[in-house]
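Numbering (UniProt numbering), first residue to last: 1 to 361. Ideal placement from N, C-alpha and C gives every residue a C-beta, glycine not left out. The next block holds one structure in the form of structure tokens; read it before the comments.
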């Protein structure tokens, strides 16, 4: 039987979010219903509310989530009711050209639930990133459920579903940082701090945090930054070069995604160094680079999709590191809030007052 639960929707662009009744259908073939235990408030949810993703309103917001599988549909074997899972928004298909090449983290045909969740009047909802987890329960493709250690705190583990995995993976999976490397991160929100934590875990010797907010720079030290640079007060390129013996950093992660920050990332990398873009740019943004420098510096200019992660590989590994005290997921949880507090959490996010507000049930 379909269930009626509470959920947070964005009904129209820039309008305040609402807590309303939504209808969750029984899972069909390849689908699962998950009872949500915690869900982080991510910038992407705000982009949906603002109409910055598309105009498929109303949106059921929320996607950085952990919970317990309640029911599964026909053909689902890798998860079962009672499993504690982190939800992911790139359920790989296993059949596209990327998957056939053995690179499923680039899957070009990731899938979501086939059925639609609705309002009580039958209006179909568009779930954020195919998840829609600001709700008591949600319907997802079973492949979006990744089993992890059930002893993990859901508020911390759920953050792996988006921002933390994106930042960590940008540094480790895409950037390939390793022991003894120097690393620089531009933008020290949740994604940037996760990149810093990844650099520390991988053994980087010099880890430089760059931001215009001293509060964020202080937080970055908690996650492993060895040096901080306020780019509103000094030239970040010159500062990084000075901190790396005049050479530049081996890996630079741009977690902002603006033309000026990308140009800075390009200029502050070492010869044969790597630049990784993980901050989401404005669709109209362009960047101009000197082609001779692109050639002369060598190395690589990369973008990172979801931290180039494979959820079934990376989520359990990171939760294990968290449980061992080696990866500080708890440090990203700034506050625990209720379902009715999402709009206020957006305001705190915009003011830079939190890394992550997390809705808990």
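Buried or exposed by the 16-neighbour rule on C-beta atoms within 10 Å, applied to residue i
| i | result |
| --- | --- |
| residue 1 | exposed |
| residue 14 | exposed |
| residue 219 | buried |
| residue 271 | exposed |
| residue 12 | exposed |
| residue 334 | buried |
| residue 60 | buried |
| residue 304 | buried |
| residue 356 | buried |
| residue 124 | exposed |
| residue 120 | exposed |
| residue 282 | exposed |
| residue 216 | buried |
| residue 21 | exposed |
| residue 128 | buried |
| residue 204 | buried |
| residue 295 | exposed |
| residue 16 | exposed |
| residue 351 | exposed |
| residue 287 | exposed |
| residue 291 | exposed |
Terminal residues of the beta strand (DSSP E) in which residue i lies
| i | result |
| --- | --- |
| residue 22 | 18-24 |
| residue 5 | 3-10 |
| residue 36 | 31-40 |
| residue 360 | 357-360 |
Nearest to residue i (by Cα), restricted to the options the options
| i | options | result |
| --- | --- | --- |
| residue 276 | 285, 282, 286 and 299 | 299 |
| residue 323 | 264, 151, 87 and 345 | 151 |
| residue 208 | 215, 40 and 230 | 230 |
| residue 175 | 157, 158, 202 and 153 | 202 |
| residue 111 | 117, 98, 40 and 130 | 130 |
| residue 58 | 102, 84 and 126 | 126 |
| residue 160 | 224, 86, 140 and 170 | 86 |
| residue 338 | 157, 8 and 51 | 8 |
| residue 293 | 282, 106 and 267 | 267 |
| residue 309 | 236, 171 and 295 | 171 |
| residue 65 | 155, 194, 236 and 264 | 155 |
| residue 302 | 284, 353, 313 and 273 | 273 |
| residue 132 | 72, 193, 54 and 36 | 36 |
| residue 98 | 39, 108, 89 and 91 | 108 |
| residue 285 | 295, 263, 269 and 259 | 259 |
| residue 340 | 349, 330 and 361 | 361 |
| residue 177 | 196, 191 and 189 | 196 |
Extent of the continuous alpha helix (DSSP H) run through residue i
| i | result |
| --- | --- |
| residue 203 | Neither: residue 203 is in no alpha helix (DSSP H) and is coded neither H nor E. |
| residue 230 | That residue, residue 230, is in no alpha helix (DSSP H); its beta strand (DSSP E) goes 227-230. |
| residue 344 | 342-350 |
| residue 336 | Where residue 336 is concerned, there is no enclosing alpha helix (DSSP H), although the beta strand (DSSP E) it sits in stretches over 335-337. |
| residue 49 | 43-50 |
### Query
Can you give, in chain order, each stretch of the alpha helix (DSSP H) that sits fully within the stretch 69-156 and has at least 4 residues?
97-100
### Query
Do the stretch 146-166 and the stretch 312-323 meet, that is, are 3 or more Cβ pairs less than 8 Å apart?
yes
### Query
What residue ranges within the stretch 242-311 form continuous beta strand (DSSP E) runs of no fewer than 3 residues, ordered along the chain?
249-254, 269-277 and 300-303
### Query
Three or more beta-carbon pairs under 8 Å between the stretch 249-258 and the stretch 174-189, yes or no?
yes
### Task
For the stretch 240-249 and the stretch 277-289, state whether three or more C-beta atom pairs, one from each stretch, are separated by less than 8 Å.
no
#### Entry: Three or more C-beta pairs below 8 Å linking the stretch 23-41 and the stretch 66-79
yes
### Query
Which ranges does the beta strand (DSSP E) cover as unbroken runs of at least 3 residues, wholly within the stretch 158-223, from first to last along the chain?
182-186 and 206-211
### Query
Looking at C-beta atoms only, is the number of pairs between the stretch 103-117 and the stretch 137-147 that lie closer than 8 Å three or more?
yes
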